[in-house]
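Engineer: Have a look at this one before I ask anything.
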Amino acid sequence: MIELSGIRKVFNQSRHNEYRALDGIDLFLAGRQITALSGPSGSGKTTLLTLIGCLARPTAGRVRLRGEDISGLPERFLTEIRRRTFGFVFQQFNLVRGLSAVDNVMLPAYPLGPTHRELRDRAEALLARLHLADRRDARVEWLSGGEQQRVAIARALINDPEIVIADEPTANLDTALAKAFMGILEELHAEGRTVILTSHDPLVTGSVAVHRVVALRDGRIVPP
Amino acid sequence: MRTWVARQAWLIDFTVGSLARRKTKNLGLWLVYATLVFVLASVALYTQALRLEAAAVLAHSPEVIVQRLVAGRHDLIPPGYLERMGRIRGVQKREGRLWGYYYDPVLKANYTFMVPPDAGVARGTLVVGPALERERGLARENGISFRAYSGRLFSFTVADVLPAATELMSADLVLMHEEDFRAFFEYPAGHFTDIALSVANPREVRTVAAKVAAALPDSRPILREEVLRTYASILDWREGLVLAVLSGALLAFAILAWEKASGLSAEERREIGILKAVGWETGDVILMKFWEGALISGSAFLAGYLAAYLHVFRFGATLFEPVLKGWSVLYPRFELVPAIDGLQVATLFLLTVFPYTAAVLVPIWRAAVTDPDSVMRQ
Ligand SMILES: Nc1ncnc2c1ncn2[C@@H]1O[C@H](COP(=O)(O)OP(=O)(O)OP(=O)(O)O)[C@@H](O)[C@H]1O
Ligand SMILES: [Mg+2]
Chain F
1425 MIELSGIRKV FNQSRHNEYR ALDGIDLFLA GRQITALSGP SGSGKTTLLT
1475 LIGCLARPTA GRVRLRGEDI SGLPERFLTE IRRRTFGFVF QQFNLVRGLS
1525 AVDNVMLPAY PLGPTHRELR DRAEALLARL HLADRRDARV EWLSGGEQQR
1575 VAIARALIND PEIVIADEPT ANLDTALAKA FMGILEELHA EGRTVILTSH
1625 DPLVTGSVAV HRVVALRDGR IVPP
Chain H
221 MRTWVARQAW LIDFTVGSLA RRKTKNLGLW LVYATLVFVL ASVALYTQAL
271 RLEAAAVLAH SPEVIVQRLV AGRHDLIPPG YLERMGRIRG VQKREGRLWG
321 YYYDPVLKAN YTFMVPPDAG VARGTLVVGP ALERERGLAR ENGISFRAYS
371 GRLFSFTVAD VLPAATELMS ADLVLMHEED FRAFFEYPAG HFTDIALSVA
421 NPREVRTVAA KVAAALPDSR PILREEVLRT YASILDWREG LVLAVLSGAL
471 LAFAILAWEK ASGLSAEERR EIGILKAVGW ETGDVILMKF WEGALISGSA
521 FLAGYLAAYL HVFRFGATLF EPVLKGWSVL YPRFELVPAI DGLQVATLFL
571 LTVFPYTAAV LVPIWRAAVT DPDSVMRQ
């Protein structure tokens, strides 16, 4: 599904504060699997995730999606791929404050120009599925952490992405909510989606739902 | 195409929502903005209307007025002067006019006393201008007395009041019979104030004036077109004066609006990052912000212009009246004929809406082109 070869990511290149966040990553991620990237803080997990999710481009190396090299594509095409292929759940959820839950869920679909009826139905169905039907018109800043995360998941699913990406999804959740989240991941997997997440939470990396754990240290892949 | 429309609809929908979410900032901006347009449009509309009004009034005045000069000063036209001028080709009609100024100690204002050419006012009666009607509470059939410069008291009855339509020029006008006029000012018989010439062909006006000057070396012909130009330049000058006086305040306003518009709050930056990360293109974000700027500045422009229109044409430009008008002490109060100049609107629009939209878009563009991975690090 996703193939990374010789990936290097350098921040502030050729400046005094140059920093190599990733240094020679070769990795193949199979489709329809749940993969966890683990490793200590600063090891480059988030950076790797942004490259996989087309949020950033590598300094060197190639990213292939279904065999197609996407690392050299201009931003407009990357955006297009990101919109159709990926759904994102951010660590801080990154919901737009002041908007209702359902409005937040619909946001990624606006540039595709769906009809009002159709988009609204899809968003409400997703919220209902994540047990948020009665909270759909509440402003997101009034929601609890777990509810906010579920809104973020619904938002990630609104364009029906093949791949769901989540950065530290359980960092802000207690154990019960973290377990509930793993349950949702299993559902996504059962639907045939690919899930890639980062975590240093043993509850995630040790979960039976996770098919594969990739360990990182100092920007390189190390044996787990 | 359908998708494109639907997409714009979603973007506008989102824009309206985010305008509402930042109510105070946007409302403040909107107000500052509308005020700016209001002031500029008021001045522009008002002087434009005055210019048209002056032109309309002068359209009925004679093409050439001949004055006699003695020692460089305006003097009376003596008897026989008209005859000495002789027949001049192109002049349709020539007549001596009688008019003068009278200072009314009651109102502390100057009136223009005048004998109408068609002898339409009966002896012992007056036709007064609307300002006089208002300020001295005159109505038809009322009696009024004026003490002449000689000290004698003259009583008249008001026969009529001039229509308000041309008030700009006739506000302080008092029309009277020729014999009353001569008695009141002790004007010697056969003398006139000046001579009015009607010239049908506008291209002959200058030749006529030259011939008059040749026939009567002590005369000074005054052309209507010159008077018109003088009025226009006085109005331009007053417009400039008002704008100069206001420019400090306007500039402060403009800078405030610019800063508010171009400053991007941390919250807005965060939002742009989120939108990009979830799949909005840079163009979508900019388009959305363009709609935001267009909605604010467009509606503020409309509101400001409309308010200016009402201010000028319904309420007589109460705020600027004292500066922009007033060549007689009795202020004319008149309904200006509403006139909108397309070019003027376009200029105003370009000077206000355009910079605003630019002010909004530049920082947005800078925020929108940053890599979307920054959202991951918040
Ligand atoms: N935009 C940037 N400019 C400079 N350095 C950066 C930038 N983004 C990340 N880094 C650095 O790259 C390194 C890897 O960062 P990354 O966020 O990928 O780590 P991480 O494994 O996700 O850590 P954590 O578990 O704390 O989230 C860090 O040392 C970070 O300081
Ligand atoms: Mg991280």
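Here the protein sequences come in this chain order: F and H. Everything in the first sequence is counted per our numbering, starting at 1425 for the first residue and increasing by one. Everything in the second sequence is counted per our numbering, starting at 221 for the first residue and increasing by one. C-beta: ideal position from N, C-alpha, C; glycine also.
(1) Taking contact to mean 3 or more Cβ pairs, one atom from each stretch, closer than 8 Å, check whether the segment 259 to 267 of chain H and the segment 519 to 529 of chain H are in contact.
(2) If you reduce the DSSP assignment to three classes, tell me which class D380/H lands in.
(3) Looking only at its chain, what residues have a beta carbon closer than 6 Å to the beta carbon of A379/H, apart from the 5 residues adjacent to it on each side?
(4) Are T1459/F and R1636/F close, meaning C-beta to C-beta below 7 Å?
(5) Determine which residues share a DSSP beta bridge with K313/H and list them.
(6) In the DSSP assignment, the alpha helix (DSSP H) including L1453/F goes from what residue to what residue?
(7) So that I know if they touch, is there some Cβ in chain H lying closer than 7 Å to that of A1480/F?
(8) Looking only at its own chain, which residues have a Cβ that is under 7 Å from the Cβ of L495/H, when we skip the five neighbours before and after it?
(9) I'd like to know if N1518/F contacts chain H, where contact means its C-beta is closer than 7 Å to some C-beta of that chain.
(10) Need the endpoints of the beta strand (DSSP E) that V286/H sits in, please.
(11) What does E501/H touch in chain F if you count any residue whose Cβ is under 7 Å from its own?
(12) Going along chain F, which residues have a C-beta under 8 Å from V595/H?
(13) Terminal residues of the continuous alpha helix (DSSP H) containing S517/H?
(14) Tell me whether S1623/F, by its Cβ, gets closer than 6 Å to a heavy atom of ligand 3.
(15) Quick one: give me the first and last residue of the alpha helix (DSSP H) that N1528/F is part of.
(16) Assign L571/H to buried or exposed, taking buried as 16 or more other Cβ atoms, counted over all protein chains shown, within 10 Å of its Cβ.
(17) With DSSP run on the structure shown, which of helix, strand or coil describes H1440/F?
(18) Assign T572/H to one of three DSSP states: helix, strand, or coil.
(19) Quick check on the burial criterion: 16 or more other C-beta atoms within 10 angstroms. Buried or exposed for W511/H?
(20) Hey, would you say the C-beta of Y576/H is under 6 Å away from at least one heavy atom of ligand 1?
(21) Keeping to the same chain, check which residues put their C-beta closer than 6 Å to that of G641/H; ignore five residues upstream and five downstream.
(22) If we count the other Cβ atoms within 10 Å of its Cβ and call it buried at 16 or more, is T1471/F buried or exposed?
(23) Can you give me the C-alpha to C-alpha distance between L1475/F and T1503/F, rounded to a whole angstrom?
(24) Smallest Cα separation from G300/H: which of H397/H, E361/H, V290/H, F412/H?
(25) Considering just the uninterrupted stretch of the beta strand (DSSP E) at K1433/F, what are its terminal residues?
(26) Below 7 Å on C-beta distance, what does G1522/F contact in chain H?
(27) Please report the distance separating the alpha-carbon of L1489/F from that of F1512/F.
(28) Taking the C-alpha atoms as reference points, what is the distance between P337/H and S467/H?
(29) Do Q287/H and D414/H have their C-beta atoms within less than 7 Å of each other?
(30) Can you tell me whether DSSP reads E1542/F as helix, strand or coil?
(31) Taking beta-carbon pairs under 9 Å, can you tell me which members of the segment 225 to 236 of chain H lie near chain F?
(32) Going by Cα to Cα distance, which pick from T255/H, L296/H, L278/H is closest to L522/H?
(33) Kindly indicate which three-state DSSP category T1618/F falls into: helix, strand or coil?
(34) Which one or two residues does DSSP pair with A359/H in a beta bridge?
(35) Compare the C-beta of L1489/F against all C-beta atoms of chain H and say whether one is closer than 7 Å.
(36) By the criterion of Cβ-Cβ separation under 8 Å, what are the contact partners of D1591/F in chain H?
Structural biologist: According to the data block:
(1) yes
(2) Here residue 380/H refers to the residue found at position 160 when the second sequence is read from its first residue. If DSSP states are grouped into helix, strand and coil, D380/H belongs with the strands.
(3) Within the second sequence, the letter at position 159 stands for residue 379/H. Only T345, V347 meet the Cβ criterion.
(4) On the first sequence, position 35 is the one that residue 1459/F refers to. On the first sequence, position 212 is the one that residue 1636/F refers to. Contact flag set, yes.
(5) If you number the second sequence from 1, residue 313/H lands on position 93. K313/H is bridged to S418/H.
(6) Your numbering for residue 1453/F matches position 29 in the first sequence. Looking at the DSSP string, L1453/F is not in any alpha helix (DSSP H); the run it does join, the beta strand (DSSP E), is 1443 to 1453.
(7) Here residue 1480/F is taken as the residue at index 56 of the first sequence, counted from 1. So yes, A1480/F belongs to the interface.
(8) As a working mapping, residue 495/H is identified with position 275 in the second sequence. For L495/H, where only same-chain residues beyond five positions count, the Cβ hits under 7 Å are V505.
(9) For the purposes of this step, residue 1518/F is identified with residue 94 of the first sequence, where counting begins at 1. Yes, N1518/F lies at the interface with chain H (some Cβ there is under 7 Å from its Cβ).
(10) For the purposes of this step, residue 286/H is taken as the residue at position 66 of the second sequence. Taken as a continuous stretch (DSSP letters only), the beta strand (DSSP E) holding V286/H covers 284 to 290.
(11) Here residue 501/H is taken as the residue at index 281 of the second sequence, counted from 1. By Cβ distance, chain F contributes R1500, T1503, P1535.
(12) For the purposes of this step, residue 595/H is taken as the residue at position 375 of the second sequence. Within chain F, the residues near V595/H are L1479, F1514, N1518.
(13) Position 297 of the second sequence, counted from the first residue, corresponds to residue 517/H. Note, S517/H: alpha helix (DSSP H), 502 to 533.
(14) Among the ligands present in this structure, namely ligand 1 and ligand 2, ligand 3 is not found.
(15) Looking up residue 1528/F in the first sequence gives position 104. Its alpha helix (DSSP H) spans residues 1525 to 1530.
(16) Sequence index remark: in the second sequence, residue 571/H carries index 351 (1-based). L571/H comes out exposed.
(17) Locating residue 1440/F in the first sequence gives position 16, where the first residue counts as 1. Here H1440/F sits in coil by DSSP.
(18) Your numbering for residue 572/H matches position 352 in the second sequence. Residue state, collapsed to three classes: helix.
(19) Residue numbering aside, residue 511/H sits at position 291 when the second sequence is read from its first letter. Burial call: buried.
(20) In the second sequence, counting from the first residue as 1, residue 576/H sits at position 356. No, the Cβ of Y576/H stays beyond 6 Å of every heavy atom of ligand 1.
(21) Lying outside 221 to 598, the shown extent of chain H, residue 641/H is not represented and no answer is given.
(22) Taking the first sequence and counting its residues from 1, one reaches residue 1471/F at position 47. The residue is buried, with at least 16 neighbouring Cβ atoms inside 10 Å.
(23) The residue you call residue 1475/F lines up with position 51 of the first sequence. The residue you call residue 1503/F lines up with position 79 of the first sequence. When rounded, the distance between both Cα atoms is 13 Å.
(24) If you number the second sequence from 1, residue 300/H lands on position 80. With distances taken between Cα atoms, G300/H lies closest to F412/H.
(25) One-based indexing of the first sequence puts residue 1433/F at position 9. Segment 1426 to 1435, the beta strand (DSSP E) holding K1433/F.
(26) What you label residue 1522/F is simply residue 98 of the first sequence in a count that begins at 1. Near G1522/F (Cβ distances below 7 Å), the residues of chain H are R241.
(27) Position 65 of the first sequence holds residue 1489/F. Position 88 of the first sequence holds residue 1512/F. L1489/F and F1512/F: Cα-Cα distance of roughly 17 Å.
(28) Position 117 of the second sequence, counted from the first residue, corresponds to residue 337/H. Position 247 of the second sequence, counted from the first residue, corresponds to residue 467/H. Going from the Cα of P337/H to the Cα of S467/H covers about 46 Å.
(29) Within the second sequence, the letter at position 67 stands for residue 287/H. Within the second sequence, the letter at position 194 stands for residue 414/H. Yes, the pair counts as a contact, with Cβ atoms nearer than the cut-off.
(30) Sequence index remark: in the first sequence, residue 1542/F carries index 118 (1-based). E1542/F falls in the helix class under three-state DSSP.
(31) V225, A226, R227, Q228, A229, W230, L231, D233, F234
(32) In the second sequence, residue 522/H corresponds to position 302, counting from 1. Per the Cα distances, T255/H.
(33) Here residue 1618/F refers to the residue found at position 194 of the first sequence. In this structure, T1618/F counts as strand in the three-state DSSP scheme.
(34) If you number the second sequence from 1, residue 359/H lands on position 139. For A359/H, DSSP records no beta bridge to any residue.
(35) For this step, residue 1489/F is matched to residue 65 along the first sequence. Output row for L1489/F: interface = no.
(36) Taking the first residue of the first sequence as position 1, residue 1591/F is located at position 167. Here the neighbours are M596.
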